[in-house]
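A.B. asks: Got a structure for you, written out below as structure tokens; questions coming shortly.
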Amino acid sequence: MAAVVLIGAQWGDEGKGKITDFLAEKAELVVRYQGGNNAGHTVVAHGQEFKLHLIPSGILYENKTCVIGNGVVLDPKVLLEELSYLKECGVKTGQLLISSNAQVIMPYHRLLDGLEEDARGEHKIGTTKRGIGPAYMDKSARIGIRVGDLIDEEEFAAKLKRNLADKNNLLTKLYGAEPLEYEEIFNEYREYALKLKAFVADSSLVIDQSIQSGEKVLFEGAQGTLLDLDHGTYPYVTSSHPIAGGACIGAGIGPTRIQRVVGVAKAYTTRVGEGPFPTELRDQTGMMLQERGHEFGTTTGRARRCGWFDAVIVRYAARVNGLTDLALTKLDVLTGIEKIRIGVGYRLGNEVIYEFPQSQKIFRDSVPVYEEVPGWSEDITGVRRFEDLPEAAKLYIERVEQLTGVPVTLVAVGPGREQTIVRESIF
Ligand code: IMP
């Protein structure tokens, strides 16, 4: 029995796609448990680059079962486009299963995401405008349409009618927008339902049976710890639970089933959208990281804000996720920087704090306290063993381990599957 949860230890975009793809090779089942097509995974496989938003990265292996769990908000149009994109690329995809309890993103969710963002003015969150927040709002309000409803024509018609009456009120009266047409949406989504029906399953049962029979299961979180609705930098967060605990709720398994929790952290820090980011670099080094790290969003194309590695937030991620391992990605991007900085605490007036603050006001106003470590200039993209890394790179990794309290088990030195240093196998 081996169930591993893989999560983002920062603000998302840590390179989870690559690590999931790497670990998926050994897993029989790969499960996505939250978020939707706000996520974007870039995976390089078969010498080709793939950009996925919704389908678990494990799909690139022919013999894997990939599950979209109940905690996901699913845009059927995007899912079907992704499936045909993979087909066009000539990838023989594995088997896909969709939880009948996953929530469906509707056209009014996408529309409202944009309108709500615009209405926030200077307090905007910087959402991906994919309808994620509004779809989770409907889930909490207990009016959401689930995949199981979508494939049941009568149920879908009734729920869509009820919802649309409310949403059109909101659209026209609050936002002065045009109302949406019932027939149009119904017909569009009926087509999706017919195409997706064959994939729908009781995914919690499938996952449980797989774990019980001794198969290896990988739970893949989207976004990252600091975007978690409860534990992230609220309100600049997403509307789901990317932390490891989210896997239990979003996949329908109990915490006792999980053996290992791997946190993926970039060797520096990035953030998309609004919100505080103490170690952000608004200088040449920040621009260099952005360029060399190709720090532009897979989903929205937005430039990611870049900064030094912040050990406080990754130690916090270790706590709220119960991390057993760290996968440190993009170490090669730091090559050539003479002196590398690591954020080790935050200064507030005369006080220095070493734990992630509970108050977002404190986080916003804090100034990072740095430690400086020597950099390296050797090309490390071809290194496959920890021992062969330059001394300074080894010291950097060891310092990350000391500051976060988590062993760095995997190190990524490039985007390719093979550009990974394994210090201990996860499965
Ligand atoms: P939403 O998830 O579209 O509602 O966006 C809420 C916040 O989460 C915004 O700051 C987004 O930029 C951020 N966000 C959502 N998904 C991702 C992701 O996959 N990577 C990084 N940031 C994300």
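Sequence positions in the sequence shown follow the working numbering and run 238 to 664. We put the CB at the ideal spot given by N, CA and C, even for glycine. Computed from a predicted structure; not experimentally measured.
#1: For PRO652, collect the residues of the same chain with a Cβ closer than 6 Å to its Cβ; drop the 5 residues on either side in sequence, then sort them by chain order.
#2: Looking at ILE380 and GLY273, is the spacing between their C-beta atoms short of 8 Å?
#3: Can you tell me which of GLU575, GLU588, GLU392 puts its alpha carbon nearest to the alpha carbon of ALA629?
#4: Taking 7 Å as the cut-off, is the C-beta of GLU511 nearer than that to any heavy atom in the ligand IMP?
#5: Can you tell which of VAL498, PHE514, PHE533 has the C-alpha that lies nearest to the C-alpha of TYR473?
#6: Quick test of the definition: if touching needs 3 or more C-beta pairs under 8 Å, does the segment 380-390 touch the segment 558-567?
#7: Between which two residues does the beta strand (DSSP E) containing ASP562 stretch?
#8: What does DSSP give as the partner residues of GLY582 in its beta bridges?
#9: Exposed or buried, which one is TYR583 when buried takes at least 16 other CB atoms within 10 Å?
#10: Which class does GLY284 belong to by DSSP, given the choice of helix, strand or coil?
#11: Pick out the complete beta strand (DSSP E) segments inside the segment 276-336, 3 residues or longer, and give them in chain order.
#12: Assuming contact is defined by CB atoms lying nearer than 8 Å, are GLY523 and GLY544 in contact in what I supplied?
#13: Opposite ILE658 in the DSSP bridges: which residues?
#14: Drop a sphere of 10 angstroms on the beta-carbon of GLN446, count the other beta-carbons inside from all chains shown, and report buried for 16 or more, exposed for fewer.
#15: Counting only the same chain and skipping the five closest in sequence on each side, list residues whose C-beta sits under 8 Å from that of GLU638.
#16: For LYS503, which residues from the same chain have a beta carbon less than 6 Å from its beta carbon, with the 5 sequence-adjacent residues on both sides left out?
#17: Check whether the Cβ of SER294 sits closer than 7 Å to any heavy atom of the ligand IMP, and report yes or no.
#18: Could you check if GLY500 belongs to the surroundings of the ligand IMP, using beta carbon to heavy atom distance under 7 Å?
#19: Which residues does DSSP pair with THR506 in a beta bridge?
#20: With H, G and I counted as helix, E and B as strand and the rest as coil, what does DSSP make of VAL384?
#21: Anyone know if the C-beta pair for GLY510 and GLY619 falls short of 8 Å?
#22: As a quick exercise: from GLY295, GLU528, GLY487, pick the residue whose alpha carbon is nearest that of THR333.
#23: By DSSP's criteria, GLN340 is part of a beta bridge. Which residues make up the other side?
#24: Is the beta carbon of TRP248 within less than 7 Å of some heavy atom of the ligand IMP?
#25: Hey, would you say the C-beta of TYR473 is under 7 Å away from at least one heavy atom of the ligand IMP?
#26: Quick check: the Cα distance between GLU353 and ILE480, rounded to an integer number of angstroms?
#27: Short check: CB of MET365 to CB of THR641, under 8 Å?
#28: Between ARG347 and chain D, is the shortest Cβ-Cβ distance under 8 Å, so that the two count as touching?
#29: In the DSSP assignment, the beta strand (DSSP E) including ALA239 goes from what residue to what residue?
#30: Three or more beta-carbon pairs under 8 Å between the segment 452-459 and the segment 262-270, yes or no?
#31: Once the 5 residues before and after VAL648 are set aside, which same chain residues still bring their CB inside 6 Å of it?
#32: Which of the three DSSP states is assigned to GLY272 in this structure?
#33: Out of LYS314, GLU286, ARG347, GLN597, state which residue places its alpha-carbon closest to the alpha-carbon of SER327.
#34: Between LEU408 and LEU323, what straight-line distance do the alpha-carbon atoms span, to the nearest angstrom?
#35: If we ignore side chains and look at the alpha-carbon of each, how far apart do ASP616 and LEU243 end up?
#36: Rank VAL581, ARG660, ILE444 by C-alpha distance to the C-alpha of LYS301 and give the top, closest one.
C.D. replies: Looking at the atomic coordinates:
#1: Residue mapping note: residue 652 aligns to position 415 of the sequence shown, counting from 1. The residues are VAL281.
#2: In the sequence shown, the residue the question calls residue 273 occupies position 36. In the sequence shown, the residue the question calls residue 380 occupies position 143. No. Outside cutoff.
#3: As a working note, residue 629 is residue 392 in the sequence shown. Closest option to ALA629, Cα to Cα, is GLU575.
#4: Position 274 of the sequence shown, counted from the start, is the residue given in the question as residue 511. Indeed, a heavy atom of the ligand IMP lies less than 7 Å from the Cβ.
#5: In the sequence shown, counting from the first residue as 1, residue 473 sits at position 236. The residue with the shortest Cα to Cα distance from TYR473 is PHE514.
#6: no
#7: Numbered from its first residue, the sequence shown carries residue 562 at position 325. Per DSSP, ASP562 belongs to the beta strand (DSSP E) from 562-566.
#8: Position 345 of the sequence shown, counted from the start, is the residue given in the question as residue 582. Note: GLY582 sits in a beta bridge opposite VAL606.
#9: As a working mapping, residue 583 is identified with position 346 in the sequence shown. Buried: at least 16 other Cβ atoms inside 10 Å.
#10: Position 47 of the sequence shown holds residue 284. Of the three classes helix, strand and coil, the one that applies to GLY284 here is coil, per DSSP.
#11: Fully enclosed beta strand (DSSP E) runs of 3 or longer: 278-282, 285-289, 302-305, 332-336.
#12: Position 286 of the sequence shown, counted from the start, is the residue given in the question as residue 523. Position 307 of the sequence shown, counted from the start, is the residue given in the question as residue 544. The answer is yes: Cβ separation under 8 Å.
#13: Residue numbering aside, residue 658 sits at position 421 when the sequence shown is read from its first letter. Its beta-bridge partners are VAL648.
#14: Indexing the sequence shown from 1 puts residue 446 at position 209. Exposed, since its Cβ has fewer than 16 Cβ neighbours within 10 Å.
#15: For the purposes of this step, residue 638 is taken as residue 401 along the sequence shown, with counting starting at 1. Closer than 8 Å at the Cβ level, and outside the excluded window around GLU638, lie LEU563, PRO644, VAL645.
#16: Taking the sequence shown and counting its residues from 1, one reaches residue 503 at position 266. Cβ neighbours of LYS503 beyond the five flanking positions: GLU251, THR566, LYS567.
#17: For this step, residue 294 is matched to residue 57 along the sequence shown. Every heavy atom of the ligand IMP is 7 Å or more from the Cβ of SER294, so no.
#18: Numbered from 1 along the sequence shown, position 263 holds the residue referred to as residue 500. Checking every heavy atom of the ligand IMP against the Cβ of GLY500, none is found closer than 7 Å.
#19: Start at 1 with the first residue of the sequence shown, and residue 506 comes out as number 269. According to DSSP, THR506 shares a beta bridge with GLY544.
#20: In the sequence shown, residue 384 corresponds to position 147, counting from 1. Helix at VAL384.
#21: Residue mapping note: residue 510 aligns to position 273 of the sequence shown, counting from 1. Residue mapping note: residue 619 aligns to position 382 of the sequence shown, counting from 1. For the 8 Å CB-CB criterion, GLY510 and GLY619 do not form a contact.
#22: The residue you call residue 333 lines up with position 96 of the sequence shown. Checking the sequence shown, residue 333 turns out to be Leu, not Thr. The residue with the shortest Cα to Cα distance from LEU333 is GLY295.
#23: Taking the sequence shown and counting its residues from 1, one reaches residue 340 at position 103. By DSSP's assignment, GLN340 forms a beta bridge with VAL310, ARG383.
#24: For the purposes of this step, residue 248 is taken as residue 11 along the sequence shown, with counting starting at 1. Correct: TRP248 has its Cβ closer than 7 Å to the ligand IMP.
#25: The residue you call residue 473 lines up with position 236 of the sequence shown. True, at least one ligand heavy atom lies under 7 Å from that Cβ.
#26: Your numbering for residue 353 matches position 116 in the sequence shown. Your numbering for residue 480 matches position 243 in the sequence shown. Looking at the two C-alpha atoms, the distance is approximately 26 Å.
#27: As a first step, residue 365 must be located in the sequence shown, where it is residue number 128. As a first step, residue 641 must be located in the sequence shown, where it is residue number 404. For the record, residue 365 in the displayed sequence is Thr; it is not Met. No, Cβ-Cβ distance for THR365 and THR641 is not below 8 Å.
#28: No chain D appears in the structure shown, which is made up of a single protein chain.
#29: Position 2 of the sequence shown, counting from 1, holds the residue named residue 239. That run of the beta strand (DSSP E) goes 239-245.
#30: yes
#31: What you label residue 648 is simply residue 411 of the sequence shown in a count that begins at 1. Result list for VAL648: LEU565, LEU568, ILE658, in chain order.
#32: Looking up residue 272 in the sequence shown gives position 35. Strand at GLY272.
#33: Position 90 of the sequence shown, counted from the first residue, corresponds to residue 327. Here residue 327 is Gly; the residue named in the question, Ser, does not match the sequence. Answer by Cα proximity: GLU286.
#34: For this step, residue 408 is matched to residue 171 along the sequence shown. For this step, residue 323 is matched to residue 86 along the sequence shown. Going from the Cα of LEU408 to the Cα of LEU323 covers about 36 Å.
#35: Here residue 616 refers to the residue found at position 379 of the sequence shown. Here residue 243 refers to the residue found at position 6 of the sequence shown. Distance between the alpha carbons of ASP616 and LEU243: 28 Å.
#36: On the sequence shown, residue 301 is found 64 positions in, with the first residue counted as 1. Cα-wise, what sits closest to LYS301 is ILE444.
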